[in-house]
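Encoded as structure tokens, the structure appears first; notes follow it.
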Amino acid sequence: MTVSEYNKCVDLHSSAVFRFALKQLRNPDDAKEIVQITFEKLWMKRNTVNIDTAKSYLFTTAYHSMVDTWRGQKPTEDIDNLSPAKHPTTEASAYTGLMESLEKALEEISQIQRTVILLRDYEGYSYSEIGEITGLNEAQVKVNIFRGRQALKEIIGNPNNLI
Amino acid sequence: MEPSKISEEQEWQLFELLEGNLSEFAAAELHRTLQHDATLKAHYNALAQTYLKPSITHYPDAPSLKKQHVNRKVLFYVSFSAAAALAILWIFRPTVSTHIQTPHNIATHAANPSSDKSTPRTSESQPWTVDHDRQENKKGRAILAQLSESTQNGNLAGLKPEEHNENGVHPLILATEPIRKVKNVNDSSFRRGTEILATQNNANTSNKPITHEEIQTAIAQRTPKTKKELLKSFYQDARRMVENGHLPHINVKTVNKDQDWIPEFQVGLTLENNVILTSFNPE
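Protein chains in written order, with our numbering: chain A, 130 to 292; chain D, 25 to 307.
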């Protein structure tokens, strides 16, 4: 991968990786750190990673970096204690009531279910691609997506779960 | 109001439909069922709402992640310098023995050139023996030796190498010290000056002392050298240094002026004590 190709990857994928990390970590600073680590690793591996596989490499690296973060992290902060600044910095116009509920509901499901659903819905990855990133097989990916959606449906369907 | 429960199998069917995993026929069949089953339809709608729509998120620090291109101009200069240095080192690679010579013995040898031809040379019996027979170099070295003697002692007394060796400095370096003290001295120009005189005086060169003024006059009279002549004299200087037992340090310096594509480069020769003996600066 040349310098130009690397810079092109930054343009194409940095926001997507940031969004992926932000949805998982719910902290912009932590998400930025994950993005920096991820792209630094891509730069170090630029001789072995080509531009076609760069996106997959980025998401895999970001996911593993986040897993490392989760392992070294204290128990997840209660959602009620999160300050507004810690919420995702997405454009306000993109939200509807349902979307906001869904964003909150995402925080309630397990990390692996959230990861596979984010990769599926935001990035459009196939089951096998998600499996490569997360280290799961296709069947496990599918089951996790199914269970995650079931959980989201339950949370959204019962407004008391979001209060 | 929450819809009544449906079976796990029905949940999977709805999931497969929404994921697009069902065949066209199976999907149409399920859609027909949904039109007649309100409970199933409600679950279908609820599950459909769990699909996320990508939100617009911008990573603000993207420019800081980018890497700068390597300056190709700098890379070119470095490569060019390295290639030039290697080429020069190859050209000036030592091809003669490294027996140490002193101006004293050079002078003796030059004054009596036939003696070393008839006598077999060994480094043990004659440690200061000249190892090559180039006639033109003998003449030049003899002149240099005489010049050294006159500058060191102020007269024509012979130079004793042992005295200089006690200082730990090579006699040739000491002998050429006054010459090299001149700013931007081009040692070869002095020697060329002596060669000019040697050409003029020819037979008497090895015996007749040469004064500083004579050398200066000879240098002043010489015509400006072309690039080719400069390069040739540079080569001769370096070769002479090697033949005299010195290891010349060759410095190649590139000068980037006005952002030109091809850099101007300077090549210099230095002795062991980092004194510049020759510099070559083509314009």
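Glycine included, each C-beta is placed from N, C-alpha and C at the ideal position.
- For the pair Ser230(A) and Ile180(A), the CB atoms are not nearer than the 8 Å cut-off.
- Sequence-ordered contacts of the stretch 74–88 of chain D with chain A read Thr74, Tyr75, Leu76, Lys77, Pro78, Ser79, Ile80, Thr81, His82, Tyr83, Pro84, Asp85, Ala86, Pro87 and Ser88 [C-beta pairs closer than 9 Å].
- Glu35(D) has a beta carbon lying within less than 8 Å of a beta carbon in chain A.
- Cβ proximity to chain D below 8 Å picks out nothing from the stretch 173–189 of chain A.
- Flagged as an interface residue toward chain D: Tyr135(A), by a C-beta distance shorter than 8 Å.
- In the structure shown, Arg200(A) adopts helical secondary structure according to DSSP, grouped into three states.
- Its chain contains Gln240 as the residues whose beta carbon lies nearer than 8 Å to that of Trp199(A), once the 5 sequence neighbours on both sides are disregarded; these appear in chain order.
- For the options Ser194(A), Gly201(A) and Gln165(A), the alpha carbon positioned closest to that of Pro87(D) is the one of Gln165(A).
- Taking a Cβ-Cβ cut-off of 7 Å, the neighbours of Leu71(D) in chain A comprise Arg278 and Lys282, given in sequence order.
- Sequence-distant partners of Asp85(D) (beyond 5 residues in either direction) whose C-beta falls short of 8 Å from its own C-beta are missing from its chain.
- Neighbours of Lys91(D) across chain A, judged by C-beta separation under 8 Å: Val132, Tyr135, Asn136 and Trp172.
- Listed in chain order, the positions of the stretch 38–49 of chain D with a beta carbon within less than 7 Å of a beta carbon of chain A are Phe39.
- Sorting Asn287(A), Thr263(A), Gly260(A) and Glu232(A) by C-alpha distance to the C-alpha of Pro78(D) places Glu232(A) at the top.
- In terms of Cβ geometry, Lys282(A) and Thr57(D) do not form a close pair [threshold 8 Å].
- Taking 8 Å as the CB threshold, Met195(A) stays off the interface with chain D.
- For Ile166(A), the enclosing alpha helix (DSSP H) starts and ends at Pro157 to Met173.
- Not a single C-beta of chain D is nearer than 8 Å to the C-beta of Lys233(A).
- A check of alpha carbon separations from Tyr259(D) across Leu54(D), Asn268(D) and Ile115(D) identifies Ile115(D) as the nearest.
- Between the stretch 258–272 of chain A and the stretch 48–62 of chain D, the count of Cβ pairs shorter than 8 Å is below three; the stretches do not touch.
- Boundaries of the alpha helix (DSSP H) around Thr57(D): Glu48 to His60.
- The C-beta of Gly286(A) comes closer than 8 Å to at least one C-beta of chain D.
- Taking C-beta atoms as the reference points, Ile30(D) and Leu76(D) fail to come closer than 8 Å.
- Listed in chain order, the non-local C-beta contacts of Lys271(A) below 6 Å within the same chain comprise Tyr256, local neighbours out to five positions each way being set aside.
- Within its own chain, the residues whose Cβ lies closer than 8 Å to the Cβ of Gly277(A), once the five positions on either side in sequence are excluded, are Ile238, Ser239, Gln242, Arg243, Val245 and Ile246, listed in chain order.
- Any Cβ of chain D closer than 8 Å to the Cβ of Asp250(A) would place that residue at the interface, and such an atom is present.
- In this structure, Phe149(A) and Phe188(A) form a Cβ contact; the two beta carbons are roughly 6 Å apart against a cut-off of 8 Å.
- Comparing alpha-carbon positions, the option among Gly253(A), Ala145(A), Thr131(A) and Asn287(A) lying closest to Lys91(D) turns out to be Thr131(A).
- Taking a 10 Å sphere around the C-beta of Ser103(D), we find fewer than 16 other C-beta atoms and assign the residue as exposed.
- The C-alpha of Tyr254(A) is placed about 22 Å away from the C-alpha of Lys170(A).
- From the beta-carbon of Gln165(A), the residues of chain D found nearer than 9 Å are Asp85, Ser88 and Leu89.
- For Asp140(A), at least one C-beta of chain D is nearer than 8 Å to its own C-beta.
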